[in-house]
Amino acid sequence: MRQYIRYSFGFVLFLMFFATVPAITASATNSEGIVTVDQLNMRSSNSTSSSIVLILKKGDKVVIKGSKGDWYHVNVQSKEGYVSKKYIEVKPPKISPSKQTETTINVNGKKLELEFDPPTVKVPGGERILVPFRAISEALGINVTWNQSTRQVTAIDKDTNKHVVFTIDDVNAVVNEEAVILDAAPALQKNRTLLPLRFFSETFGAKVTWDQATRTANIDRVIKVEEVIEDVKSISQPVNLEGLQARVTASTLNLRLGPSTTEAVLARLVKDQTVFVTGATKEWLKVYVDGMEGFLNSAHVEIFDIEQKRIKVLASPTITTKDEQFILSWSKLGGTVVQSNVSNNIVQLTTDANLIEEIDLVNEAIELISYETTEAGTIITLTTKDGYSVIPLDTVSAFTLTFFKKSSTKKLIVIDAGHGGKDPGAVGNGLEEKEIILDVSLRVQKLLEQAGYQVLMTRSDDTFLEPGERAAFANKHKADAFVSVHANAAENTSANGTETFWNTTHSGPESKRLAEEIQTSLIQKLGTFDRGVKQGNFQVIRSTTMPSVLVELAFISNKKDAEMMAKDDFRQKSAEAIVEGILKFYK
């Protein structure tokens, strides 16, 4: 049994600290913008019916003071007014090395050890200082995550109920569904993410002060800590990896001092370079190369034996007991693939792994585990005990099974597969929305029923219903929750990602919380662009009287999103994420 205090922490981040003292709010910024059309009216308010203050020409520069809907609040030639966002290109500032004396950063009274003195960034009205923020994010108790594929940083603080999304090279950010403009666009430099610290910290309730004379920043916030008791057990003897070799598959790969991306880099290996394997720690291989011993992320290597036979591994199984859940997890080494199928109380895992740390575990949730070797790899079959359901999660580095106690409250959930029949919904890239979302919705039904919930479907086949009929169906049956599933589309084919809508008319706070739980699970499982949780006026969620949300899985009009939605794996993960969000909502 291990008892500890949890602090949520994020990716290795760098965040921008403002050297000047003026308070920054969600509407206060000094970013520079450039007019992109031949003629642009600057108006007295954010409306085309308001009076014209100034007529701008293409190439004119404006200082952005904030935003209001589709308009920027700007300053030009000592005059203030509003211009349409469509015709303004926002210019991110350039970053340059600091020429100042040493900077000190204190977080809750504790001095940070800086890797190097912070660089500076010039913005209209002054100069800003950039500071390393990994320790700050830990100390402030804020969960910060990085999505490499979408180049997004998401910061979530459950204590203040704040959800912030930043995108690299884009001054537009989102705070609790509200668009805000940053002084400087988040940027990548030296493999580090740079974000505006004062905006970030003040948004999450931290106090930031700056002493120019001593160049000292003080960042303070009272942390609400959550005492967590977890029982984490290793449940097998480690597989012996000695004598195996690994070949780098990425163009470059860092050899690190320890099994973490925060550890020092010992060397940079190149594609097809071969190393000797001496062990493993979770998804990290311990290797020996050129007289050095270090760690490589196994997602970017192939493992093989002395006869050049490809080796794929499921290693380091652990069982974690948390909040009446049992979480069984294997690390995947060498590109291992795992496919799962859950039917009633049987979980079948089909994997191409030919080296597995087998476990023989019986606990409150698991009754039996068996293994069958095949030509393609191994089939692992788990039998769950009555009263438990399972949600699988497959990532690049691990495969996880989460065992939940089935609901004993018999909650009734209505799942609404949008469109249908004569209404195909969005159409694009060879796909029809109505087919995709019916498939996903039926999978949601199956998983929820396995978890002990009652489920009613507004449609289970290619049938058309009006939005009002869908809402009336849920109200008639006095459902406990309503989830409408959709795929998105836009004229701009570059639009992509996942978003979830809720409405304030009925059960507003609960609808919002349900939307947040489902959106979080979708982003974690799908890895799509996080478009956030938003208020929507769709009839199906406006007219339903119970907690209700509308999910937009991805954009059928976007080629990459459409390619994902066409795949069985994406649809299954979408269903799992929706169910996981519902389970967390009722936790």
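According to mature numbering (1 follows the signal peptide of the UniProt record, and there is no 0), the residues represented by the sequence shown are -28 to -1, 1 to 559, in order. For each residue, glycine too, the CB sits at the ideal point set by N, CA and C.
- Spatial neighbours of W302 in its own chain (CB-CB distance under 6 Å, excluding positions within 5 residues in sequence) are listed in chain order as L286, P289 and F371.
- In the three-state DSSP reduction, I554 falls in the helix class (H, G or I).
- The Cβ atoms of S546 and V399 lie no closer than 7 Å to each other.
- Using a 10 angstroms sphere on the CB of I114, the tally of other CB atoms reaches 16 or more, which defines it as buried.
- A straight line joining the alpha-carbon of E149 with that of T175 spans about 13 Å.
- Within the DSSP secondary-structure output, P289 pairs in no beta bridge.
- Nearest to I351 by alpha-carbon distance, out of F510, K382 and V310, is V310.
- The stretch 419 to 439 makes contact with the stretch 379 to 393, as at least three CB pairs between them are under 8 Å.
- Residue range E405 to Q422 is occupied by the alpha helix (DSSP H) that includes K418.
- Taken in chain order, the unbroken stretches of beta strand (DSSP E) that lie wholly in the stretch 443 to 471 and span 3 residues or more are 453 to 460.
- Counting other Cβ atoms within 10 Å of its Cβ, T224 stays below 16 and is therefore classed as exposed.
- Taken through DSSP and simplified to helix, strand or coil, T234 comes out as coil.
- Proximity of the stretch 470 to 477 to the stretch 394 to 410 falls short of the contact definition, fewer than three beta-carbon pairs being nearer than 8 Å.
- Burial check for D502: the Cβ neighbour count within 10 Å reaches 16 or more, so the residue is buried.
- About 6 Å separates the Cβ atoms of E274 and G306, confirming a contact at the 8 Å cut-off.
- Within the model, the alpha-carbon separation for I60 versus N530 is close to 24 Å.
- In the DSSP assignment, L26 falls within the unbroken beta strand (DSSP E) covering I24 to K29.
- Distances from the CA of L498 to each of K179, N464 and E548 were compared; the closest alpha carbon is that of E548.
- DSSP, reduced to helix, strand and coil, places F436 outside both helices and strands of the structure shown, so it counts as coil.
- For the pair D32 and V7, the CB atoms are nearer than the 7 Å cut-off.
- Counted as a single uninterrupted DSSP element, the alpha helix (DSSP H) harbouring R485 occupies residues G480 to L498.
- For D533, the uninterrupted alpha helix (DSSP H) run begins and ends at K531 to M537, by DSSP.
- With 16 or more neighbouring CB atoms inside 10 Å of its own CB, D129 falls in the buried class.
- In terms of Cα proximity to I490, the closest of M264, V457, A462 and T430 is V457.
- Annotation for V512: the continuous alpha helix (DSSP H) segment containing it runs Q511 to R514.
- Counting along the chain, L216 sits inside no beta strand (DSSP E), nor does DSSP assign it H or E at all.
- Within the stretch 358 to 386, no run of alpha helix (DSSP H) reaches 4 residues while sitting entirely inside it.
- Counting the other CB atoms within 10 Å of its CB gives S466 a total below 16, which places it among the exposed residues.
- In this structure the stretch 241 to 250 does not lie against the stretch 312 to 323, because fewer than three pairs of beta carbons, one per stretch, are closer than 8 Å.
- Shown here, H272 sits in a helix according to DSSP, grouped into three states.
- Note that the C-beta distance between V220 and K243 is below 7 Å.
- Residue pairing from DSSP places H135 in a beta bridge opposite I128.
- Distance between L327 and L257, taken at the CA atoms: about 15 Å.
- Counted as a single uninterrupted DSSP element, the stretch harbouring H391 is not any beta strand (DSSP E), since DSSP gives it neither H nor E.
- Contact check for L238 and L227: beta-carbon distance about 5 Å, within the 8 Å limit, so the pair qualifies.
- The beta carbon of V25 sits closer than 7 Å to the beta carbons of M14, R15, S16, K51 and G53 from its chain, once the five residues preceding and following it are set aside; these are given in chain order.
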